[in-house]
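Comments concern the structure below.
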Amino acid sequence: MKLSIGIVGLPNVGKSTLFKILTKNEVNIANYPFC
Numbered sequence: 006m007k008l009s010i011g012i013v014g015l016p017n018v019g020k021s022t023l024f025k026i027l028t029k030n031e032v033n034i035a036n037y038p039f040c
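Under the numbering used here, the residues of the sequence shown are numbered 6 to 40, in order.
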């Protein structure tokens, strides 16, 4: 069974950091403008 999830939240609250910690993968983390 394949599982798909999403991480939703406001800009600059640590979604990429959380993803990096949970998956133990290297993730390119950068600050992008929201608008």
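Each residue gets a CB set at the ideal place from its N, CA and C atoms; glycine is no exception.
Here the structure is a predicted model, which means the values were calculated and not measured.
Distance, residue j Cα to residue i Cα
i      : j      : result
Lys-7  : Thr-28 : 15 angstroms
Gly-11 : Leu-23 : 12 angstroms
Leu-15 : Asn-30 : 22 angstroms
Ile-34 : Ser-21 : 6 angstroms
Pro-38 : Val-13 : 16 angstroms
Ser-9  : Asn-36 : 25 angstroms
Beta-carbon spacing of residue i, residue j below 7 angstroms
i      : j      : result
Val-32 : Lys-25 : yes
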